[in-house]
Each structure stands twice: as structure tokens, then as C-alpha cells.
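*Asks:* Structure in C-alpha cells, see below.
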Amino acid sequence: MEASNPASRSDFYAYQLQASLRKRDLLAGKSIHAQVIKSGLHLCSVFLMNNLMTVYLKTGSASDAHRVFDEMPLRNTLSWNTILSAYAKQGRFDEALSVFNAMPQQDSVSWTAMIVGYNQMGRYGNAIQMFVQMIADGVPVTQFTLTNILSACGAVKALEIGRKVHSFVVKLAVGGYVSVANCLLNMYAKSGDPRTAKIVFDRMRLKNTSSWNAMISLHMQCGCADLALAQFKQMKEHDIVSWNSLIAGYNQHGLDMEALTTFSCMLQDSVLQPDKFTLASILSACANLEKLELGKQIHAHIVRAELGTYDAVKNALITMYAKSGGLAIAQKILEQSATSDLNVIAFTALLHGYIKLGDIMPARQIFDSLRDRDVVAWTAMIVGYVQNGLNNDALELFMSMIKQGPKPNSYTLAAMLSVSSSLASLDYGKQIHASAMRSHAVLEIKVKRKERNKYRNQEMLMQGKLALLDLASSERALKTNSGGQKLWDGANINHALLALANCINALGEQQKNGLAYVPHRIRYVIVIVILKSSLVLCLPATVLNVISFAAN
Numbered sequence: 001m002e003a004s005n006p007a008s009r010s011d012f013y014a015y016q017l018q019a020s021l022r023k024r025d026l027l028a029g030k031s032i033h034a035q036v037i038k039s040g041l042h043l044c045s046v047f048l049m050n051n052l053m054t055v056y057l058k059t060g061s062a063s064d065a066h067r068v069f070d071e072m073p074l075r076n077t078l079s080w081n082t083i084l085s086a087y088a089k090q091g092r093f094d095e096a097l098s099v100f101n102a103m104p105q106q107d108s109v110s111w112t113a114m115i116v117g118y119n120q121m122g123r124y125g126n127a128i129q130m131f132v133q134m135i136a137d138g139v140p141v142t143q144f145t146l147t148n149i150l151s152a153c154g155a156v157k158a159l160e161i162g163r164k165v166h167s168f169v170v171k172l173a174v175g176g177y178v179s180v181a182n183c184l185l186n187m188y189a190k191s192g193d194p195r196t197a198k199i200v201f202d203r204m205r206l207k208n209t210s211s212w213n214a215m216i217s218l219h220m221q222c223g224c225a226d227l228a229l230a231q232f233k234q235m236k237e238h239d240i241v242s243w244n245s246l247i248a249g250y251n252q253h254g255l256d257m258e259a260l261t262t263f264s265c266m267l268q269d270s271v272l273q274p275d276k277f278t279l280a281s282i283l284s285a286c287a288n289l290e291k292l293e294l295g296k297q298i299h300a301h302i303v304r305a306e307l308g309t310y311d312a313v314k315n316a317l318i319t320m321y322a323k324s325g326g327l328a329i330a331q332k333i334l335e336q337s338a339t340s341d342l343n344v345i346a347f348t349a350l351l352h353g354y355i356k357l358g359d360i361m362p363a364r365q366i367f368d369s370l371r372d373r374d375v376v377a378w379t380a381m382i383v384g385y386v387q388n389g390l391n392n393d394a395l396e397l398f399m400s401m402i403k404q405g406p407k408p409n410s411y412t413l414a415a416m417l418s419v420s421s422s423l424a425s426l427d428y429g430k431q432i433h434a435s436a437m438r439s440h441a442v443l444e445i446k447v448k449r450k451e452r453n454k455y456r457n458q459e460m461l462m463q464g465k466l467a468l469l470d471l472a473s474s475e476r477a478l479k480t481n482s483g484g485q486k487l488w489d490g491a492n493i494n495h496a497l498l499a500l501a502n503c504i505n506a507l508g509e510q511q512k513n514g515l516a517y518v519p520h521r522i523r524y525v526i527v528i529v530i531l532k533s534s535l536v537l538c539l540p541a542t543v544l545n546v547i548s549f550a551a552n
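For the sequence shown, position 352 (counting from the first letter as 1) is numbered 352 according to full-length UniProt numbering, and the numbering increases by one without interruption.
Okay, here's the thing in C-alpha cells:
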């Protein structure tokens with residue numbers, strides 16, 4: 001029976017609203033709303049109206065919640081924060097910011113709601129800006145604020161801001177909470193400070209599965225697969241993330257047999273079923289090892305588990321078949337899905353498959369239909385033309401890339417220089433070299449070798465890289481007061497370049513007396529580099545010749 005006095009009626013309706021909220025009963029909430037309006041309590045009870053907004057938001061009727069807020073004659077901070085959080089979670093940042101700015105007073109909940117909303121939409125820079133302004137305005141931060149801003153810092157590798165957030169964690173003495181410690185651990189791991197991440201982990205009194213998983217991923221990122229495995233074995237329980245971290249880490253570091261072995265152990269020792277991330281990683285391992293039959297078995301499991309609709313799985317299947325000699329099956333999978341969802345790895349695998357067959361046209365059709373054509377896709381297509389001897393097509397595509405595509409990288413330019421030499425066209429070569437100078441391109445030569453570490457009895461992937469800067473432009477460094485920075489950049493890439501840069505600067509100084517020649521942008525410099533066949537830590541290079549073509 002409905003109570004007679006206003007206070008009792010308010011309590012009665014509040015109780016009913018809580019009951020409808022527990023049941024997620026939208027119709028019951030609307031019925032109570034009508035009774036509240038009929039009783040006139042909507043004009044004086046902020047408490048009831050706040051509860052109504054919560055019911056509408058929790059039952060999926062955000063529009064009704066917004067209408068309740070708009071019609072409220074009286075509002076308190078909770079009213080503002082409720083609608084602000086709703087706008088932020090929906091990604092309606094214009095409305096959220098409008099509400100935020102209209103608030104009589106913003107508290108920690110208001111600021112944190114904006115930070116959470118930005119995080120959920122991947123706008124991490126905005127989240128960090130909000131936090132910085134929050135601190136500047138003297139608004140106290142909460143544990144929830146800190147966990148969200150640490151996630152944002154980790155996502156964009158904002159290490160310095162993350163360290164300042166760490167100081168707030170220490171100041172507020174909330175580092176003992178597992179959720180906060182895990183966010184700290186992940187922030188340092190993602191931001192390139194594994195040492196501090198390890199310190200945070202070692203100091204944690206309480207650790208959950210997420211803590212251990214973060215350390216497994218960290219060890220894998222650092223190339224310490226044996227430490228990751230040791231960490232995995234110390235865990236009392238493994239979830240799907242634990243297995244995925246280990247399998248993906250092995251795959252990313254070229255330890256594909258270890259990835260397959262781990263996958264086999266997962267199927268035998270665990271009740272967990274592989275998810276889309278597990279399958280994408282294990283298919284990648286099959287592709288690298290060209291294990292077509294195993295890949296087909298995994299494909300059969302994907303069909304039974306109805307996981308083939310995920311883009312990551314489809315791309316991994318296409319890549320596996322294209323690399324393992326099943327190009328026809330890869331083509332069928334592609335025909336059954338949207339070509340625009342193809343990623344650059346799958347496209348490159350298909351391209352190489354078509355190149356082996358000497359049939360480049362299907363690859364070009366796929367390239368034209370790609371939704372996101374990045375520099376890797378453009379370069380792969382250009383290289384495909386070059387490898388098939390279609391130099392004119394490669395040149396035409398390169399010109400289109402210059403006009404409408406991304407900026408060419410060193411691999412694109414290297415391929416195009418070989419095209420210009422094949423076409424015996426110095427003009428084209430000059431244009432390509434000019435493009436390299438305008439983009440300050442760096443020519444990178446990378447060499448990889450696998451060898452077994454006798455101490456760890458584990459196969460490790462060694463990588464070497466030689467990078468050459470655009471020396472023809474660096475003579476301007478001294479005159480523009482940027483020589484020091486450019487020399488430092490050169491030192492970070494290859495110490496041998498310091499001597500060359502100093503020679504150019506010395507020539508520039510001598511030119512004042514008319515005694516020197518200084519290379520300029522109108523002159524084109526070809527540097528021929530020979531690498532010794534063996535891979536060592538520092539790749540030795542011999543500069544054979546430097547030829548300059550004067551523009552007449």
C-alpha cells in the first residue's frame with residue numbers, strides 16, 4: 001500500500017526503484033516514474049530523481065535519463081556527475097564537456113568521469129590533459145583517478161607523467177591495493193622502464209593473476225623468454241591471458257616451435273579453450289614454419305568454435321595459407337569476407353604468393369580495395385612490381401604514392417632507386433633522391449640471424465641494423481645552429497657517421513676562403529656500401545665511392 005505523507009512516499013518509491021534496478025526492469029522504472037510525477041515529488045525530491053536517472057541508465061534507456069536531468073528543477077552534485085558520466089561513457093564528449101563546464105562545482109568524481117570517458121574512447125592525450133588540469137586546480141585525486149590515468153600514460157608511453165602519478169600513489173598510500181599496483185606495473189612495462197616495473201612487482205605484497213601476466217608480457221617484450229616461462233611456472237593458476245602472453249611472445253620473437261609446444265600443453269593441461277588471440281598467434285607460428293596440415297587442423301577447430309568471424313582470425317588464416325602453399329584456400333577465405341578488412345600482413349603474404357605464381361594482377365585488385373593502405377602496403381605492392389620486372393607499373397604506383405599516399409620510407413626508396421637504374425633514367429633517380437632528402441629519409445639495412453644460446457639452451461634471434469643519413473643536406477647543420485643535435489642523432493644511429501659529418505662541416509668552414517667544395521641539394525650523392533657477409537655486433541661498412549652529379 002502506498003504511504004500518505006511525502007517523506008514516507010519518497011522512501012516507498014525509492015525502495016521500489018531499487019527493486020526495479022536489481023531486476024533491470026525498465027517498464028517498472030517507468031511506472032514508478034509516472035507515480036512520482038503524479039505525486040508531485042519530482043519537483044522537490046532530488047534524491048528520487050537521481051535514483052530514476054540511475055535506473056534508466058542501468059536499464060539501457062539513456063535518453064530517458066537525459067530527459068529526467070533536463071526536467072529537474074533542483075540538482076545536486078550527484079545529479080551532475082550522473083549525467084556527466086553517462087555522456088562520457090557514450091563518447092558524447094561535446095555534451096559531456098558542456099555539462100562539465102556548466103557544473104556549479106566540479107569534484108573528484110566529475111574530473112575522473114571525464115578521464116574515464118576519454119580512456120574508453122582511446123583519447124589518452126585528452127585524459128592526461130584533464131588530469132594535469134585537475135592537479136593544477138587543486139582537486140584531490142582518488143584511487144580510481146590514479147588507476148585510469150596510469151592506464152592512459154601506459155597507452156601513450158608518457159613515462160614522465162606516469163612517474164609523477166606514481167608519486168601521488170606513494171603520497172596517498174594506495175600502492176598496497178592490487179589494482180593500483182597492477183596499473184603501475186603495466187604503465188612502466190609499456191613505457192619502456194622494465195627495471196622499475198620489476199621493482200613494483202617485487203614489492204607487491206598481494207599479487208593476482210593480472211600481476212603475473214604483466215610480468216610474463218614484460219619478459220617477453222625484453223626478449224627474455226626463459227624468464228617469462230619461469231614466471232609462468234610460478235603461477236598457481238593460469239588464465240587465458242597467461243597462455244596467450246606466452247604463446248604470442250614466442251611467436252613475436254621467432255620461437256615458433258616453442259609457441260606450438262606451449263599451445264599443445266594448453267590443450268592437454270588446461271580446461272581453457274583457445275580464444276581469437278590464441279588462434280591468431282598460433283596460426284602465425286604455423287605460417288612462419290609453413291605447417292599447412294597443422295594450420296588446417298586449427299582451421300577446423302575455428303569453424304567448430306565459430307570463431308572465424310573475427311578479423312584477426314580471418315587475417316591469420318589468410319596469412320597462414322598464403323605462406324604455407326595454400327594460396328587457393330586463402331583466396332576463398334578472402335572472397336567470403338570483406339577485402340577492406342584485410343590487414344597489411346595478410347596482404348603481403350598474399351602478394352608474395354601471387355609473385356611466386358607470376359600473377360600480380362590479383363594482388364593489385366586487393367591493394368586497390370584495402371581500406372587502410374599504409375606505407376607497408378604501398379611498399380609491398382611496389383616491390384611486387386619490381387620483382388616481377390614491371391618497372392613502369394612500379395614507377396607509376398610510386399608517383400601515386402607521392403601524390404596521395406603516405407610518405408615513402410627507406411625500403412620504398414631503395415626499391416625505386418633500383419627501378420630508376422633499370423630504366424636507365426637519371427631524372428627519375430634524381431626525383432627519388434630528392435624525395436628522400438625532403439623527407440629526411442634514413443636508409444636502413446637490416447640483417448637477422450638465429451643462433452642457439454649455449455648457456456640457456458635456447459634459440460635466440462639476433463638483429464643488426466646499419467642506417468645511413470642524408471649527408472648531402474647535413475652540411476647546413478652548422479650554419480643553422482643544429483649541428484650538435486644532428487651529430488647526436490647520427491651518433492645514435494652509427495658512430496662512423498660522426499667522422500663523415502665532421503668532414504662535411506670542415507669543408508663548409510674552409511669554403512669561406514674559397515678552398516673547399518660543399519655538397520648541396522642540387523647535387524646528388526650516391527654512397528655505395530658493402531657489408532661483410534658475416535653478422536657481427538657492429539656491421540662493418542666500406543664506402544667505395546662518392547659520385548656527385550652537378551645540375552647543369
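Where is the CB? At the ideal position from N, CA and C, for every residue including glycine. Fair warning: this is a prediction, and the values are worked out from it, not measured in the lab.
Please return the same chain residues whose Cβ sits closer than 7 Å to the Cβ of Val-241, not counting the five positions on each side in sequence.
*Replies:* Cβ within range, chain order: Asn-213.
*Asks:* Do you know how far the Cα of Thr-348 is from the Cα of Ala-415?
*Replies:* Rounded to the nearest angstrom, the two C-alpha atoms are 16 Å apart.
*Asks:* Thinking C-beta only, is Leu-57 closer than 9 Å to Tyr-13?
*Replies:* No; because the gap between Cβ atoms is not below 9 Å, this pair is not in contact.
*Asks:* For Ser-45, name the three-state secondary structure that DSSP assigns.
*Replies:* Ser-45: coil per DSSP, three-state reduction.
*Asks:* Between which two residues does the alpha helix (DSSP H) containing Ala-322 stretch?
*Replies:* 311-323 is the span of the alpha helix (DSSP H), which, as asked, contains Ala-322.
*Asks:* Please state if the CB of Cys-153 and the CB of Ile-128 are separated by a distance shorter than 9 Å.
*Replies:* Going by C-beta atoms, Ile-128 is nearer than 9 Å to Cys-153.
*Asks:* Return the first residue and the last residue of the alpha helix (DSSP H) that Arg-195 is part of.
*Replies:* Its alpha helix (DSSP H) spans residues 194-203.
*Asks:* Provide the residue span of the alpha helix (DSSP H) that contains Ala-34, from first to last.
*Replies:* Here the alpha helix (DSSP H) through Ala-34 covers 26-39.
*Asks:* Please look up how many angstroms separate the CB atoms of Tyr-188 and Val-169, rounded, as I've assumed it's under 8 Å.
*Replies:* About 12 Å separates the two Cβ atoms, so there is no contact after all.
*Asks:* Pick out whichever of Gly-295, Thr-278 and Leu-279 has its Cα sitting closest to the Cα of Cys-286.
*Replies:* If we check each option's Cα against that of Cys-286, Gly-295 comes out closest.
*Asks:* Taking Asn-182 and Ser-210 to be in contact with their CB atoms under 8 Å, please state how far apart those CB atoms are, rounded to whole angstroms.
*Replies:* Confirmed, about 5 Å.
*Asks:* Determine the direct distance from the alpha carbon of Met-72 to that of Ser-179, and round the result to whole angstroms.
*Replies:* Whole-angstrom Cα-Cα distance: 37 Å.
*Asks:* Residues in its own chain within less than 7 Å of Ala-280 by CB, not counting five upstream and five downstream?
*Replies:* Excluding sequence neighbours, Ala-280 sits near Ala-312, Val-313 and Ala-316.
*Asks:* Which residues mark the beginning and the end of the alpha helix (DSSP H) in which Met-114 is found?
*Replies:* 108-120 is the extent of the alpha helix (DSSP H) around Met-114.
*Asks:* Quick one: which unbroken alpha helix (DSSP H) runs of 4-plus residues sit fully inside the stretch 201-284? Chain order, please.
*Replies:* Within the stretch 201-284, the complete alpha helix (DSSP H) runs of at least 4 residues are 209-221, 225-234, 240-252 and 256-269.
*Asks:* Just the C-alpha distance for Arg-523 and Asp-372, rounded to the nearest angstrom, thanks.
*Replies:* Note on Arg-523: pLDDT 38, under 50, position unreliable in the model; no value is reported.
*Asks:* Taking 6 Å as the limit between beta carbons, can you name the residues of its chain near Glu-258, skipping five residues before and five after?
*Replies:* These residues qualify, in order along the chain: Tyr-250.
*Asks:* Can you list, in chain order, the residues of its chain with a C-beta nearer than 6 Å to that of Leu-260? Leave out the 5 residues immediately preceding and following it.
*Replies:* So the list reads Ala-285, once near-sequence residues are dropped.
*Asks:* Span of the alpha helix (DSSP H) holding Met-401?
*Replies:* 391-404 is the extent of the alpha helix (DSSP H) around Met-401.
*Asks:* DSSP three-state label for Ser-337, please.
*Replies:* Three-state DSSP puts Ser-337 in coil, outside helix and strand.
*Asks:* For Ile-216, which residues in the same chain have their Cβ closer than 8 Å to its Cβ, ignoring the five residues on either side in sequence?
*Replies:* Within the same chain, Ile-216 has close Cβ partners Ala-228, Gln-231, Phe-232, Ser-242, Ser-245, Leu-246 and Gly-249.
*Asks:* Can you tell me whether DSSP reads Gly-381 as helix, strand or coil?
*Replies:* One point to set straight first is that residue 381 is Met, not Gly, in the sequence displayed. Three-state result, Met-381: helix.
*Asks:* Can you name, in chain order, every residue of its own chain whose Cβ lies under 7 Å from the Cβ of Asp-11, other than the five neighbours on each side?
*Replies:* None.
*Asks:* Alpha carbon to alpha carbon, how far is His-66 from Tyr-87?
*Replies:* Computed Cα separation, rounded: 9 Å.
*Asks:* For Thr-59 versus Leu-26, is the C-beta distance shorter than 9 Å?
*Replies:* Their beta carbons are under 9 Å apart, which means Thr-59 touches Leu-26 by this criterion.
*Asks:* Please look up how many angstroms separate the CB atoms of Val-156 and Gly-125, rounded, as I've assumed it's under 8 Å.
*Replies:* About 6 Å separates the two Cβ atoms, so the contact holds.
*Asks:* If you draw a straight line from the alpha carbon of Gly-358 to that of Gln-252, how long is it in whole angstroms?
*Replies:* Whole-angstrom Cα-Cα distance: 30 Å.
*Asks:* Under a three-way DSSP split, which group does Ile-528 fall into?
*Replies:* Because the pLDDT at Ile-528 is just 37, under 50, the model does not fix this residue reliably, and the value given afterwards should be weighed accordingly. Strand, per DSSP.
*Asks:* Hey, out of Pro-104, Gly-176 and Ala-173, whose CA is closest to Thr-77's CA?
*Replies:* When only C-alpha atoms are compared, the closest one is Pro-104.
*Asks:* For Pro-362, which residues in the same chain have their Cβ closer than 7 Å to its Cβ, ignoring the five residues on either side in sequence?
*Replies:* Once the five neighbours on either side are set aside, the close Cβ partners of Pro-362 are Tyr-354.
*Asks:* Do Asn-148 and Asn-186 come within 9 Å of each other at the CB atom, strictly closer than that value?
*Replies:* No, Cβ-Cβ distance for Asn-186 and Asn-148 is not below 9 Å.
*Asks:* Checking 9 Å against the spacing of the C-beta atoms, do Val-46 and Leu-21 come in under that value?
*Replies:* No.
*Asks:* One question on the structure: do residue 576 and Leu-150 come within less than 9 Å of each other, judged by their Cβ atoms?
*Replies:* With the chain covering only 1 through 552, there is no way to say anything about residue 576.
*Asks:* Run through DSSP, which three-state label would Ala-86 get?
*Replies:* Helix at Ala-86.
*Asks:* Compute the beta-carbon to beta-carbon distance between Ser-324 and Lys-291, rounded to the nearest angstrom, for a pair I have assumed lies under 8 Å.
*Replies:* The Cβ separation is near 7 Å, so the contact holds.
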